[in-house]
Each structure stands twice: as structure tokens, then as C-alpha cells.
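Working notes, structure below.
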Amino acid sequence: MQHLDDSTRTELEAAAFRRLLRHLDEHKEVQNIDLMILADFCRNCLSKWLVAAAEERGETVNYEAAREYVYGMPYGEWKAKYQADATPEQQAAFEARQQQKAAAKQDADS
12 MQHLDDSTRT ELEAAAFRRL LRHLDEHKEV QNIDLMILAD FCRNCLSKWL VAAAEERGET
72 VNYEAAREYV YGMPYGEWKA KYQADATPEQ QAAFEARQQQ KAAAKQDADS
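Residue numbers for the sequence shown follow this note's numbering, beginning at 12 and rising by one.
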């Protein structure tokens with residue numbers, strides 16, 4: 012990818028991001044908690060990253076507007092239609108993941 016000019020690379024990155032959003036939209040059965048457990052990010056993280064990217068460029072993007080873009084509908088609607096309650100197993104796996112991250116951060120800070 013280094014041989015590409017900045018504009019082309021940015022266009023390709025944007026296309027890949029849009030494809031990721033379509034993929035997540037096509038797989039609503041994949042819960043945010045599962046994404047957090049496995050990959051340490053979720054749809055809400057993508058929304059926050061959009062807001063942060065806008066701020067870095069002097070633009071303003073409202074968090075709720077970013078979530079609507081990522082989810083393809085208002086977050087409350089998506090949550091009511093597609094978000095299941097976390098199972099005890101998911102909750103335990105998420106908590107274990109958070110503890111691993113905290114321990115790794117503590118080791119890095121030592």
C-alpha cells in the first residue's frame with residue numbers, strides 16, 4: 012500500500028470501513044459484547060472513533076449521529092430490535108478480558 016498516493020489510500024481505507032459497517036449490519040446477531048471479548052472494540056467504539064477523527068480535523072460530529080451512522084438506525088431502535096441480554100458466560104468472559112487488559116497496562120506502566 013506504500014506505493015499508493017495519500018488520496019487513493021484514503022479512498023481505499025474509507026471503502027474498507029464502509030464494507031466493515033455493511034458486514035456488521037449483515038451480522039446483527041454478533042453482539043457488541045462478543046466483539047469486545049474477541050477484538051476489544053464494538054460498534055460503539057467505531058462511533059467514538061468517528062467522533063474523535065472529526066475532532067482531530069476540526070469538525071463536529073455528534074456521538075448519537077455517529078452511532079446512527081454505524082448502526083444504520085438510531086441506537087435505541089437497534090438495541091431494542093437486536094441487542095440481547097448478556098449471558099453469564101459472556102459477562103464472565105468480558106470481565107476476564109478487562110482484567111487481562113488492566114494487568115497488561117499495569118505491567119507496561121511498571
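Think of the CB as a built atom: it goes at the ideal place given N, C-alpha and C, for glycine as much as any other residue. Just so we're clear, the structure is a prediction, and the values are computed from it rather than from any experiment.
Reduced DSSP category for residue i - H, G, I as helix; E, B as strand; rest coil
i, result
"Glu40", "coil"
"Leu32", "helix"
"Thr98", "coil"
"Leu70", "Residue identity differs from the one stated: residue 70 is Glu in this sequence, not Leu. If DSSP states are grouped into helix, strand and coil, Glu70 belongs with coil."
"Leu23", "helix"
"Ser121", "coil"
"Met47", "helix"
"Asp16", "coil"
Cβ-Cβ separation, residue j to residue i (assumed contact under 8 Å), whole Å
i, j, result
"Leu35", "Arg54", "6 Å"
"Ala65", "Thr71", "6 Å"
The alpha helix (DSSP H) enclosing residue i, as first and last residue numbers
i, result
"Ser58", "Arg54 to Glu67"
"Gly83", "Looking at the DSSP string, Gly83 is not in any alpha helix (DSSP H), and its letter there is neither H nor E."
Neighbour-count burial assignment, residue i, 16 or more Cβ in a 10 Å radius
i, result
"Arg78", "buried"
"Leu57", "buried"
"Tyr82", "buried"
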